[in-house]
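This report refers to the structure that appears directly beneath it.
In my numbering, the protein residues as written are 2 to 95.
Pasting the structure below:
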């Protein structure tokens, strides 16, 4: 599934973005929204579309206010889950 298909399938998650602007959604916003408000199936589709390493890179590069956009329990959970994809930290698991 492509990122565009994820956005189209889950357009209710992006209710506040006009339809003609949805194609401009950044990878960072896509990751943040799916992790905060999506389902486990949405997460799997996101990993398939962007790749685990890219999702981890986006997630772990969030700092300050961007990091604060994640719910604390979501941030904690996905910091554990995405650790296996995180090259920057040397945490790639086989």
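Glycine included, every Cβ here is placed at the ideal spot set by N, Cα and C.
Subject >> Nearest-angstrom beta carbon gap, residue 57 and residue 28 [assumed within contact, 8 Å] >> reply: Walking along the chain shown from the start, residue 28 turns up at place 27. Walking along the chain shown from the start, residue 57 turns up at place 56. With a Cβ gap of about 12 Å, residue 28 and residue 57 do not count as contacting.
Original post:
So what does DSSP say about residue 19, is it helix, strand or coil?
Top reply: If you number the chain shown from 1, residue 19 lands on position 18. Three-state DSSP puts residue 19 in coil, outside helix and strand.
Subject >> residue 83, buried or exposed, once every other Cβ within 10 Å from all chains shown has been counted against 16 >> reply: For this step, residue 83 is matched to residue 82 along the chain shown. By the 10 Å Cβ count, residue 83 comes out buried.
**OP:** Indicate whether the contact test is met: 3 or more Cβ pairs, each with one atom in the region 68 to 80 and one in the region 31 to 50, closer than 8 Å.
**Re:** yes
**OP:** Decide yes or no for the touch test of the region 52 to 66 against the region 9 to 20: beta carbon pairs closer than 8 Å, at least 3 of them.
**Re:** no
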